[in-house]
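Here the structure is laid out as structure tokens; the discussion comes afterwards.
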Amino acid sequence: NEDFVGHQVLRITAGDQAQVDKVKELQDLEHLQLDFWRDPAQAGSPIDVRVPFPSIQSVKIFLEAHDISYKVMIEDVQLLLEEEQAQMSAARAR
Amino acid sequence: VRAQSTSTFNYATYHTLEEIYDFMDLLVAENPQLVSKIQIGNTFEDRPIYVLKFSTGGDNRPAIWIDTGIHSREWVTQASGVWFAKKITEDYGQDPTFTAILDNMDIYLEIVTNPDGFAFTHSTNRMWRKTRSRTPGSLCIGVDPNRNWDAGFGQPGASSNPCSETYRGKSANSEAEVKSIVDFVQDHGNFKAFISIHSYSQLLLYPYGYTADPVPDKEELDQLAKSAVNALSSLYGTKYKYGSIIKTIYQASGGTIDWSYNQGIKYSFTFELRDTGFRGFLLPASQIIPTAQETWLALLTIMEHTLNHPY
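Taken in order, these protein sequences are the chains called A and B.
Numbers 1460 to 1553, taken from my numbering, label the letters of the first sequence in order.
Numbers 4 to 314, taken from my numbering, label the letters of the second sequence in order.
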């Protein structure tokens, strides 16, 4: 199983179209290995992106440099996956 | 451990592909007069692609198509599809509105629309979204099956890069998972509603995604979407937005319901199910049944409208 230890999901709120376009630039940076759960669409609509641990610092610096607000939606994706697996195992056992 | 009947099946947890396929067999065995299982094709990795047909008789009746899980990591959709299947067998003969629908129309439900991807989410990568087909000349795997339909294929709103999550594929219908549905729906020829279910972000969308041109039936679809969303929200207060794909989210070409609408299936909709508690694709299993329950109310609204507005 691929593990997602340290991966965070950020919820980004772009205040205007220029900020939406800036976030779209992130989509083109393949080396960051970003996984957009909710793509950039319109100003005010949340953008959710899973960020692998090695890219977290770069992404946060990019967002802060362009004054784009965000919050950490999921602190560690792997913890949620383990919780999900445990629930499935428990359900089978029942 | 396998469920002995669909009554003891646990609808409030996520299941593997094998468990869901076993469930389908149980449902057919328990309801042979109402439910049958049809294999419409095989996936890239040669898994069978199944559709459940719910029918009370008749020959090639007007029909409703529902698919869940074309994006494999959206687990609440496959789980909701399982719940819908059971709900159909429970409500027929009990709920007058639904009974009238099934007395006049057939329902086809594809619970695992992307079996290879779904199996991969269980075995290897929980975050997998695409199919598992290979692209010659690329190390990257998979095509976004919601960009592979013959509706504005190749236009802006999909990627030509095989490594992208929205890779459209080398040509329309290149994916067996898509082509199987295309062939089945075209051979059938009498679908009147086509509903494709995704998660998350709480939206009910109608065509188009590939063009900003409004569909000819925009007013009716908009009103119907409004009614469906109101019905959905009436249960737990879940808030949905509705509208055309391109106006509500962004331009997306090669999408499922743009194709179905262009085939003449007027009542074409796509759902994005719950996003509760900021968990995204990792929606807690405790949310499966509430999500399915509220979505069912919206589905009923669309199905009833389809029954009452023949075309």
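Even glycine gets a Cβ: it sits at the ideal position worked out from N, Cα and C.
- B:W86 and B:I292 have their C-alpha atoms some 7 angstroms from each other.
- Per DSSP, reduced to three states, the secondary structure at A:T1472 is strand.
- Counting along the chain, B:M306 sits inside the alpha helix (DSSP H) bounded by residues 291-311.
- B:G192 is outside the set of residues whose beta carbon lies under 7 angstroms from a beta carbon in chain A.
- In the structure shown, B:A66 falls within a strand segment according to DSSP collapsed to helix, strand and coil.
- Setting aside the 5 residues that flank it on each side, B:L207 is surrounded in the same chain by A228, A231, V232, Y243, Y245, F272, F274, A301, each with a C-beta closer than 7 angstroms to its C-beta; the list follows chain order.
- Two segments are said to touch when three or more pairs of C-beta atoms, one from each, lie closer than 8 angstroms; by this definition the stretch 1495-1506 of chain A touches the stretch 1460-1477 of chain A.
- At a beta-carbon threshold of 8 angstroms, the residues of chain B lying near A:E1489 are C166, ordered along the chain.
- According to the DSSP assignment, B:W262 belongs to the alpha helix (DSSP H) that extends over 259-265.
- For the pair B:G257 and B:S10, the Cα-to-Cα distance works out to about 39 angstroms.
- Listed as beta-bridge partners of A:V1510 by DSSP are A:Q1467.
- B:R277 has a beta carbon lying at 7 angstroms or more from every beta carbon in chain A.
- Taken through DSSP and simplified to helix, strand or coil, B:H201 comes out as strand.
- A:N1460 counts as exposed, since fewer than 16 other beta carbons sit within 10 angstroms of its beta carbon.
- Annotation: B:V54 is outside any alpha helix (DSSP H); the continuous beta strand (DSSP E) that includes it extends over 51-57.
- For B:I252, the neighbours in chain A by C-beta distance under 7 angstroms run, in chain order, A1500.
- In the DSSP assignment, B:T46 falls outside any alpha helix (DSSP H) and carries neither an H nor an E.
- The Cβ of A:L1540 sits closer than 7 angstroms to at least one Cβ of chain B.
- Near chain B, meaning a CB-to-CB distance below 8 angstroms, the residues of the stretch 1471-1489 of chain A are E1489.
- With a threshold of 16 other beta carbon atoms within 10 Å, B:L105 meets it and is buried.
- At least 7 angstroms separates the CB of B:Y270 from every CB of chain A.
- Put simply, the CB of B:N311 is far from chain A, with every gap to its CB atoms at 7 angstroms or more.
- Contacts between A:E1534 and chain B, judged by CB atoms closer than 8 angstroms, are missing: the closest CB pair is about 11 angstroms apart.
- Pairing B:Y17 with B:W78 gives a Cβ-Cβ distance under 7 angstroms.
- Secondary structure at B:E222: helix, using DSSP grouped into helix, strand and coil.
- Looking from the CA of A:V1464, the closest CA among A:R1509, A:I1471, A:E1523 belongs to A:R1509.
- The Cβ neighbour count for B:T116, taken over all protein chains shown within 10 Å, is at least 16; the residue is labelled buried.
- Per DSSP, the beta bridge partners of B:A196 are B:I67, B:Y270.
- When 8 angstroms is used as the limit between beta carbons, B:N128 is near these residues of chain A: N1460, E1461, in chain order.
- B:P118 is the residue among B:P118, B:P139, B:L142 whose C-alpha sits nearest the C-alpha of B:W131.
- Distance from B:R282 to B:T241 at the Cβ level is roughly 14 angstroms; contact not present, criterion being Cβ atoms closer than 8 angstroms.
- When CB distances to chain A are screened at a threshold of 9 angstroms, the residues of the stretch 282-304 of chain B falling below it are R282, G283, F284, L285, P287, A288, S289, in chain order.
- Between the stretch 34-53 of chain B and the stretch 164-172 of chain B, the count of Cβ pairs shorter than 8 angstroms is below three; the stretches do not touch.
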